[in-house]
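Peer 1:
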Amino acid sequence: CEFAATTTALTLSAVGAANYIFGTDSQTFTVAHGQRHQALHHQGAQGVLDRPAVALKDSLGAQGLVGFGMGFGAMVAAARGFARSSKRRVARRAADIDVAEKTETKPLPYFETLPPSIVDKETLDKLLAALPKEQWDDPPEDSYLYTLKCYAETYGPGKATKMGWYDYIYMKVSGPEFFDSAQDIADRKNRFRDMSSKGAFPMEFPGPSNVWESGAYLQWRGEEYFAGDQVKTIVSDSRFSKQFIANTAFYREGLKPWQRGLEIGMAHGYFIIGPFVSLGPLRNTPEAATVGLLAGCALVGLVSVGGLLFGTLIKPKLFDKEGDPPASGFQEMINWHALGGIGGAGFAHALITVFGS
């Protein structure tokens with residue numbers, strides 16, 4: 035549409051200018067082909083030089099002038115279109131740059147309402163720099179950004195306006211003391227993944243509000259990858275724990291079955307009457323020690339009967355000697371356990387009676 039209007043206007047202007055220059059004869063652009071050649075044949079070179087406009091008219095003709103006008107109009111329209119497209123491209127590029135700059139510098143929506151008393155701008159910038167941009171909208175739960183996001187979703191205009199003192203103290207205490215970069219966080223995750231695949235975990239010491247790494251690692255996995263009974267802990271596999279368990283009466287080497295049962299029974303009977311004496315329904319009466327003794331003896335008897343039943347059915351051969359019937363050593367240990375339990379309870383009752391208030 036723009037091309038047609040421009041070429042039409044330019045063509046009409048060119049025709050009007052030519053009519054004005056060449057004269058008022060209406061037959062200027064309608065001269066016959068034979069007449070034009072005849073006129074040119076009778077004219078001399080001097081006449082052609084004296085009338086250059088007429089020679090130009092005769093050489094081009096009406097069709098040549100119209101074609102010239104259309105070509106000139108097309109060229110002008112193309113130049114204008116190129117100029118406009120260049121301006122639009124420059125404006126669009128400037129708008130894209132402006133939008134990109136605004137997108138990079140504009141804070142996240144859920145952080146716009148955070149007051150400086152919760153987090154200052156410098157701290158927020160460091161927190162954002164510590165995580166990739168892809169995780170800003172949904173930060174991980176171990177990041178302080180997650181706590182700030184929960185605050186922004188809970189408090190603010192149209193939400194809760196009063197913050198509890200516990201939430202405020204929690205946010206201040208759980209705030210990061212130092213900031214790790216994204217590379218540091220990725221290295222820590224890779225190191226933890228490697229240690230987990232090897233069956234180890236770092237040994238840390240608890241503190242008031244955080245934990246401190248010791249630099250040592252504890253091996254928790256056994257020789258077999260999928261054997262749950264080979265899991266190693268500080269309680270079950272440390273040197274102190276192994277020595278302590280090896281020194282108990284049940285596992286100590288060199289003892290006879292009756293010695294094991296007597297020691298185990300005396301230890302259990304000695305402390306078993308304490309809860310009945312101190313916490314029983316008759317704890318504030320003079321008969322508290324006697325009732326505790328009877329209850330302790332009854333409990334030792336129940337445990338002994340259970341041990342005898344276990345030995346009769348399962349028949350463990352742990353303490354048997356060569357040539358003895360199955361479970362004879364275990365039965366002997368349980369019998370002396372009953373005797374030692376009653377003796378330990380009686381000794382504790384005597385101490386309570388003599389020295390108790």
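Per this note's numbering: the sequence shown = residues 35 to 391. Backbone N, C-alpha and C define an ideal beta-carbon position, used for all residues, glycine too.
(1) Answer yes or no: do residue 237 and residue 251 have a C-beta to C-beta separation smaller than 9 Å?
(2) Assign residue 355 to buried or exposed, taking buried as 16 or more other Cβ atoms, counted over all protein chains shown, within 10 Å of its Cβ.
(3) From residue 294 to residue 261, what distance separates their C-alpha atoms?
(4) Is the stretch 267 to 280 close to the stretch 343 to 351, with three or more CB pairs under 8 Å?
(5) Buried or exposed, going by whether 16 or more other CB atoms sit within 10 Å of the CB of residue 183?
(6) Please check the pair residue 322 and residue 330, which I expect to be a contact at CB under 8 Å, by giving their CB distance rounded to whole angstroms.
(7) Please report the distance separating the alpha-carbon of residue 196 from that of residue 188.
(8) Taking the alpha carbon of residue 380 as the point to measure from, which residue in 307, 361 and 157 has its own alpha carbon closest?
(9) Exposed or buried, what is residue 339 when buried is set at 16 or more other beta-carbons lying within 10 Å of its beta-carbon?
(10) So the beta strand (DSSP E) residue 239 belongs to, where does it begin and stop?
(11) Measuring only the C-alpha atoms, how far is residue 279 from residue 358?
(12) Is residue 249 helix, strand or coil by DSSP?
(13) Need the endpoints of the alpha helix (DSSP H) that residue 368 sits in, please.
(14) Near residue 333, which residues of its chain fall below 7 Å by C-beta distance, leaving aside the five closest residues on each side in sequence?
(15) Apart from the five residues on each side of it in sequence, which residues of its chain come closer than 6 Å, Cβ to Cβ, to residue 316?
(16) Look at residue 266 and residue 253 and say whether their C-beta atoms are less than 9 Å apart.
(17) In the structure shown, what three-state DSSP assignment does residue 189 receive?
(18) Classify residue 371: buried if its beta carbon has 16 or more other beta carbons within 10 angstroms, exposed otherwise.
Peer 2: Let me lay it out:
(1) Along the sequence shown, read from residue 1 onward, the residue named residue 237 stands at position 203. Along the sequence shown, read from residue 1 onward, the residue named residue 251 stands at position 217. In contact: residue 237 and residue 251 (Cβ atoms closer than 9 Å).
(2) As a position in the sequence shown, residue 355 is number 321, starting the count at 1. Residue 355 should be labelled exposed.
(3) Residue mapping note: residue 294 aligns to position 260 of the sequence shown, counting from 1. Residue mapping note: residue 261 aligns to position 227 of the sequence shown, counting from 1. Rounded to the nearest whole angstrom, the CA to CA distance from residue 294 to residue 261 is 32 Å.
(4) No, the stretch 267 to 280 is not in contact with the stretch 343 to 351.
(5) By one-based count along the sequence shown, residue 183 stands at place 149. Under the 10 Å beta carbon count, residue 183 is surrounded by 16 or more other beta carbons and is classified as buried.
(6) On the sequence shown, residue 322 is found 288 positions in, with the first residue counted as 1. On the sequence shown, residue 330 is found 296 positions in, with the first residue counted as 1. At roughly 12 Å, the Cβ-Cβ gap does not stay under 8 Å, so residue 322 and residue 330 are not in contact.
(7) Taking the sequence shown and counting its residues from 1, the one referred to as residue 196 is at position 162. Taking the sequence shown and counting its residues from 1, the one referred to as residue 188 is at position 154. Residue 196 and residue 188 have their C-alpha atoms spaced approximately 10 Å apart.
(8) Along the sequence shown, read from residue 1 onward, the residue named residue 380 stands at position 346. The closest CA to that of residue 380, considering only 307, 361 and 157, is found on 307.
(9) Indexing the sequence shown from 1 puts residue 339 at position 305. Around the beta-carbon of residue 339, fewer than 16 other beta-carbon atoms lie within 10 Å, marking it exposed.
(10) In the sequence shown, counting from the first residue as 1, residue 239 sits at position 205. Per DSSP, residue 239 belongs to the beta strand (DSSP E) from 234 to 240.
(11) Within the sequence shown, numbered from 1, the residue matching residue 279 stands at position 245. Within the sequence shown, numbered from 1, the residue matching residue 358 stands at position 324. Cα to Cα, residue 279 sits roughly 27 Å from residue 358.
(12) In the sequence shown, residue 249 corresponds to position 215, counting from 1. In the displayed model, residue 249 falls within a strand according to three-state DSSP.
(13) Within the sequence shown, the letter at position 334 stands for residue 368. The continuous alpha helix (DSSP H) containing residue 368 extends over residues 362 to 389.
(14) Along the sequence shown, read from residue 1 onward, the residue named residue 333 stands at position 299. Close CB contacts of residue 333 within its chain, under the 7 Å cut and outside five residues either way in sequence, are with 306 (chain order).
(15) Here the question's residue 316 lines up with position 282 in the sequence shown. So the list reads 322 and 325, once near-sequence residues are dropped.
(16) Counting from 1 along the sequence shown, the entry for residue 266 is found at position 232. Counting from 1 along the sequence shown, the entry for residue 253 is found at position 219. Contact check for residue 266 against residue 253 passes: the beta carbons are separated by less than 9 Å.
(17) Sequence index remark: in the sequence shown, residue 189 carries index 155 (1-based). Residue 189: strand per DSSP, three-state reduction.
(18) Position 337 of the sequence shown, counted from the start, is the residue given in the question as residue 371. Its Cβ being crowded by 16 or more others within 10 Å, residue 371 is buried.
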